[in-house]
Amino acid sequence: MEKENCLSVTEFIFLGITSTLGMKVTLFTMFLLLYLINLLANLGMIILIRMDPQLHTPMYFFLSHLSFSDLCYSTAIGPKMFFNVLAKNKSIPFFGCALQFLISCTFADTECLLLAVMAYDRYKAISNLLLYTVSMSSRVCSLLMAGAYMVGMADALIHTTLAFHLCFCASNEINYFFCDIPPLLLLSCSDTQINELAIFAIYGFIELSSISGVLGRFKAFSTCTSHLTEVAIFQGTLLFIYLRPSSSYSLDQDKITSLFYTLVIPMLNPLIYSLRNKHSHAIRKCWSFPNLSCFTMGFEFIYENPSLFIPS
């Protein structure tokens, strides 16, 4: 009987963020604006780094992949969310839900690992500047980046397989705006202990690896507030969402947190790293003259002045 009920679920229906008609147009406009800013900021950073030969350094290489991860993550969720705000039919096919979760989980995990890689890169640049170009060669950077993507994909495949082999007997309505682990576990009528153990084990390992990678080199990062800010914001929200038992899930509260790391954080990342520049006149120039060099002035400070990052 349980097997028949499992097979009968061919689609899920999102209940969305709100059912109030007056709020839908406002939310659609706000979400679309946030997504467009996110798209332009991250895509612009990728293009600028690729176009300027002076930015072909390890830090900018990792920053371009950070922007790419943010872009892919928000794109996997954003367009469907905008459509559902105003649409009458808020359904998503079963395999479409699995694909959305797989993509979003892959790039969220990749970003967590990438933050640890960026911490390692900054540590090598500060602790041993003379050997930095040798220890962080293009081959090493490519291997680190490939490893982050592979681990992110492997983790996403594990969680996707476990989540979408559950039975959904009672209802196919998801009280959320995208396919994610917490609402799927609450919707399932199966035993979800294995899923929760996998979340705590794998997500816990990835999160703690990323955080310890930064805290372990805290002395070197005492002035790198941009990276510490990014780690605190991104890892903090993910820890709140995933590393807790399913009995404590509150989807109405989690929606707000999920919106924050789905649309707001990817939009803020380019700003966080560009505001690392302490030269206020450079930032003012960025806002005054829309040319290519202006977009890179903010985070160029780290590589142009490496000696200022060496703790006294």
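First residue of the sequence shown: 6, per my numbering; consecutive thereafter. We put the CB at the ideal spot given by N, CA and C, even for glycine.
For residue j and residue i, the rounded distance between their alpha carbons
{"i": "Ser143", "j": "Ala121", "result": "18 Å"}
{"i": "Met1", "j": "Leu91", "result": "Residue 1 lies beyond the stretch modelled for the chain, which goes from 6 to 317, so this question has no answer here."}
{"i": "Ala206", "j": "Leu162", "result": "15 Å"}
{"i": "Phe210", "j": "His170", "result": "23 Å"}
{"i": "Lys283", "j": "Phe36", "result": "Residue placement at Lys283 is poorly supported in this model, since its pLDDT is 41, which falls under 50; the coordinates still yield a value, given next. Their Cα atoms are separated by approximately 31 Å."}
{"i": "Ala225", "j": "Met123", "result": "Its pLDDT being 48, under 50, Ala225 is placed unreliably by the model, and the measurement read from it follows with that caveat. Taking the straight line joining both Cα atoms gives about 13 Å."}
{"i": "Ile270", "j": "Ile238", "result": "8 Å"}
{"i": "Ser227", "j": "Ser72", "result": "Here Ser227 scores only 46 on pLDDT, less than 50, and its place in the model is too uncertain to base an answer on."}
{"i": "Thr34", "j": "Leu107", "result": "27 Å"}
{"i": "Glu178", "j": "Tyr154", "result": "32 Å"}
{"i": "Tyr128", "j": "Met141", "result": "11 Å"}
{"i": "Leu20", "j": "Asp126", "result": "43 Å"}
{"i": "Leu149", "j": "Phe66", "result": "11 Å"}
{"i": "Asn89", "j": "Tyr247", "result": "24 Å"}
{"i": "Leu273", "j": "Gly101", "result": "28 Å"}
{"i": "Arg55", "j": "Gly152", "result": "21 Å"}
{"i": "Leu167", "j": "Asn200", "result": "6 Å"}
{"i": "Ser349", "j": "Glu16", "result": "With the chain represented from 6 up to 317, any question about residue 349 goes unanswered, as that position is not in the structure."}
{"i": "Ser255", "j": "Ile52", "result": "40 Å"}
{"i": "Ser69", "j": "Cys77", "result": "12 Å"}
{"i": "Ser79", "j": "Ile131", "result": "32 Å"}
Endpoints, the alpha helix (DSSP H) within which residue i is located
{"i": "Pro250", "result": "No alpha helix (DSSP H) holds Pro250; DSSP gives it neither H nor E."}
{"i": "Phe67", "result": "Pro63 to Leu91"}
{"i": "Leu202", "result": "Gln198 to Ala203"}
{"i": "Ile186", "result": "Ile186 to Leu192"}
Residue i - containing beta strand (DSSP E), residue span
{"i": "Ser176", "result": "No beta strand (DSSP E) contains Ser176, which DSSP labels as neither H nor E."}
{"i": "Ser96", "result": "Ser96 to Pro98"}
{"i": "Ile52", "result": "First-last for Ile52: Leu26 to Met56, but that is the alpha helix (DSSP H), not the beta strand (DSSP E)."}
{"i": "Ile18", "result": "Glu16 to Phe19"}
Legend entry - Meets three-Cβ-pair contact criterion under 8 Å: the region 185–203 and the region 253–262: Touching, per the Cβ criterion.
Inset, instruction - Pick out the complete alpha helix (DSSP H) segments inside the region 131–160, 4 residues or longer, and give them in chain order. - result: 137–140
Legend entry - the region 42–57 in contact with the region 71–85 per 3-pair CB rule at 8 Å: yes
Inset, instruction - Specify whether the region 78–98 and the region 176–184 touch according to this definition: at least 3 beta carbon pairs, one from each stretch, less than 8 Å apart. - result: Yes, the region 78–98 is in contact with the region 176–184.
Legend entry - Cβ pair count under 8 Å reaching 3, the region 130–145 against the region 190–205: In short, these stretches do not touch, since the Cβ pair count stays below three.
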